[in-house]
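S.K.:
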Amino acid sequence: MKLYGFENFKSGLLGEKLGHSFSPQIHGCLSDYSYTLFEKTPEEAEFFLRNGDFDGINVTIPYKKLAFAVCDEVSDIAAKIGSVNTVVRKNGKLKGFNTDYYGFTYLVKKAGFDVSKGKTLVLGSGGSSVMVCAALRDLGSEEIIVISRNGENNYDNVYDLHSDASFIVNTTPLGMYPKNGISAVSLERFTNCKGVVDIIFNPSKTKLLLDAESLGIPFINGLPMLVAQAKQAFEIFTEQILTDGLTSEAQNSSMSALEIIDSITAQIELQTKNIVLIGMPGSGKSTVGQILAEKLSRTFVDIDWEIEKKIQMSICDYFAKCGEPAFRKIESELLDEFSRKSGLVIATGGGVIKNPLNRPLIKQNGITVMLNRCVHELATDGRPISMSCSLEKLEKERLPIYNAWKDFSVDCTTPELTANRIISKL
9 MKLYGFENFK SGLLGEKLGH SFSPQIHGCL SDYSYTLFEK TPEEAEFFLR NGDFDGINVT
69 IPYKKLAFAV CDEVSDIAAK IGSVNTVVRK NGKLKGFNTD YYGFTYLVKK AGFDVSKGKT
129 LVLGSGGSSV MVCAALRDLG SEEIIVISRN GENNYDNVYD LHSDASFIVN TTPLGMYPKN
189 GISAVSLERF TNCKGVVDII FNPSKTKLLL DAESLGIPFI NGLPMLVAQA KQAFEIFTEQ
249 ILTDGLTSEA QNSSMSALEI IDSITAQIEL QTKNIVLIGM PGSGKSTVGQ ILAEKLSRTF
309 VDIDWEIEKK IQMSICDYFA KCGEPAFRKI ESELLDEFSR KSGLVIATGG GVIKNPLNRP
369 LIKQNGITVM LNRCVHELAT DGRPISMSCS LEKLEKERLP IYNAWKDFSV DCTTPELTAN
429 RIISKL
């Protein structure tokens, strides 16, 4: 899927804070040009746009309107929206494009949402909102309502005036990493909602999308949009249209450009999601997790180990001194901290499922894998709950919850083989 021959082309992403950008991985799947993250302050950004060492560049928050103003020429779509997120330099001139428009249009179509029917609420009134509204109009949306903090339609009157909305699109940064767990609206108040779009892609499931999932409302996050806009930026950079058989790797491929977008989206999602291990105490989550992390070149986090580092004593001693409720509180706090991150292997304690609020923490950015092991094989040393009750009774209580939380399960044999089984299922 990669187009070679552009190794001398200099590209990258301009923004203010880019530490968790997925763009280098995405463009690395598309071509062999260099792709660098350029973090610039507002005072540095304009000089960089005019004089920076690049042939083509993507632009993200908060410099899209600045890029529009700096460009010598802009595309028709960029002019309609008033912002630029892709810039190329040719013959000393800067030309700007808005590939977000293409990305969002692709996103809505991929979700299968017919926005031409019913009312669509657009949460937020910033630059992304303007782009989304333009795309929705071109998709035939019959009624678009922008919800802002201080406008005529706002978060105070949204339920009174617009609870009949058919679609909701979030363009605000609420719920984006690292401020996970926040939503601009209470989704259960929209009883006619048929689809939810959140252009945030980190975490994979914002609170808005987790709420949609729990209510059975179809939803989609912003990662396919990010990949699709990168595909169009790639075409602008290279002046090549991504079609079947374009690359040396794919000359005999029947993949369409849209299938390539889907393939890269799946690849990036797998790379960036956490792998979270759940299961009975003593099922081998720590040992399997370490092996799995090593095989996948990921960082390994064991929540129980992190708890012991924080409390400076064994879990058994802490249980005896402070009780289980105090332990579960610390467990949830650390689970929240690490579940916000990307690309980890996380081993949880067997009782993590006792707090239902832990489920959205895990699910926001994780693939949940349950380890199955026969009760008579479970280790009990150092596990206060396992030592204090019947494991058969404990399994009967917890198994339905493990099954409800898991994305898939694997049977445990040796740690090496179990880790390999997980990788094959991923």
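The numbering used here applies: residue 9 is where the sequence shown begins, and numbers increase by one.
Ideal placement from N, C-alpha and C gives every residue a C-beta, glycine not left out.
Please report the residue range of the beta strand (DSSP E) in which F416 lies.
M.R.: F416 to D419 is the span of the beta strand (DSSP E), which, as asked, contains F416.
S.K.: Check whether the stretch 361-368 and the stretch 272-284 are in contact - that is, three or more C-beta pairs closer than 8 Å.
M.R.: no
S.K.: Measuring alpha carbon to alpha carbon, tell me which of T214, S136, C420 and L386 ends up nearest P70.
M.R.: S136
S.K.: Could you check if P289 is buried or exposed, using at least 16 other CB atoms within 10 Å of its CB as the buried criterion?
M.R.: buried
S.K.: I'd like the list of long-range same chain contacts for E403, defined as Cβ closer than 8 Å, with 5 residues on each side in sequence excluded.
M.R.: M288 and V383
S.K.: What does a CB cutoff of less than 6 Å around E47 pick up in its chain, not counting 5 residues either side in sequence?
M.R.: L26
S.K.: Does the distance from the C-beta atom of K125 to that of I153 stay below 9 Å?
M.R.: no
S.K.: Can you say whether E257 is buried or exposed, counting buried as having 16 or more other CB atoms within 10 angstroms of its CB?
M.R.: The predicted position of E257 is uncertain, since its pLDDT is 38 and thus under 50; a value taken from the coordinates is nonetheless stated next. E257 is exposed by the Cβ-count criterion.
S.K.: Where DSSP assigns a beta bridge to S42, which residues make up the other side?
M.R.: BP columns for S42 point to K18.
S.K.: Between the stretch 208-215 and the stretch 88-98, do three or more beta carbon pairs fall short of 8 Å?
M.R.: no
S.K.: Do you know offhand how far A192's Cα is from L129's?
M.R.: 12 Å
S.K.: Taking the C-alpha atoms as reference points, what is the distance between L22 and R381?
M.R.: 49 Å
S.K.: Assuming S133 contacts G159 under a Cβ cut-off of 8 Å, what Cβ separation, rounded to an integer in Å, is found between them?
M.R.: With 8 Å as the limit, S133 and G159 qualify as a contact, their Cβ atoms being about 6 Å apart.
S.K.: Please work out which residues of its chain come closer than 6 Å, Cβ to Cβ, to L234, disregarding the five sequence neighbours upstream and downstream, and give them in chain order.
M.R.: F209
S.K.: Check whether the stretch 338-351 touches the stretch 304-313, counting contact only when three or more Cβ pairs, one atom from each stretch, lie closer than 8 Å.
M.R.: yes
S.K.: In whole angstroms, give me the CA-to-CA distance for Y167 and P181.
M.R.: If you take the alpha carbons of Y167 and P181, they lie about 21 Å apart.
S.K.: Helix, strand or coil: how does DSSP classify G100 here?
M.R.: Correct three-state label for G100: coil.
S.K.: Quick test of your reading: V96 and F245, contact by CB under 8 Å. State the CB separation rounded to the nearest angstrom.
M.R.: 7 Å
S.K.: Cβ of A86 within 9 Å of Cβ of F105?
M.R.: yes
S.K.: Using the C-alpha atoms, what's the distance from Q298 back to V441?
M.R.: In the structure as shown, the chain starts at 9 and stops at 434, and residue 441 therefore has no counterpart that could be examined.
S.K.: Which two residues bound the contiguous alpha helix (DSSP H) that contains A7?
M.R.: Nothing can be reported for residue 7: it is not among the residues displayed for the chain, which extend from 9 to 434.
S.K.: For S42 and F17, what's the separation of their Cα atoms in angstroms?
M.R.: 7 Å
S.K.: Less than 9 Å between the C-beta atoms of G20 and N66, yes or no?
M.R.: yes
S.K.: So the beta strand (DSSP E) K127 belongs to, where does it begin and stop?
M.R.: K127 to L131
S.K.: Can you check DSSP and say which residues form a bridge with V377?
M.R.: L285 and F416
S.K.: Measure the alpha-carbon distance for S261 versus E267 and round it to whole angstroms.
M.R.: Residue confidence is low: S261 scores 46 on pLDDT, short of 50, so the model does not pin down where it sits. No coordinate-derived value is stated.
S.K.: Look at the Cβ atom of L131, then the Cβ atom of T179, and state whether they are nearer than 9 Å.
M.R.: yes
S.K.: Which whole-angstrom value describes the C-beta separation of L435 and L195, a residue pair presumed to lie in contact below a C-beta threshold of 8 Å?
M.R.: Residue numbering for the chain in the displayed model covers 9 to 434; residue 435 lies beyond these limits and cannot be assessed.
S.K.: Which one of K349, Q240, P423 and V138 has the shortest CA to CA distance from K187?
M.R.: K349
S.K.: Where does the unbroken beta strand (DSSP E) through D344 begin, and where does it stop?
M.R.: Here D344 belongs to no beta strand (DSSP E); instead the alpha helix (DSSP H) covers E332 to S347.
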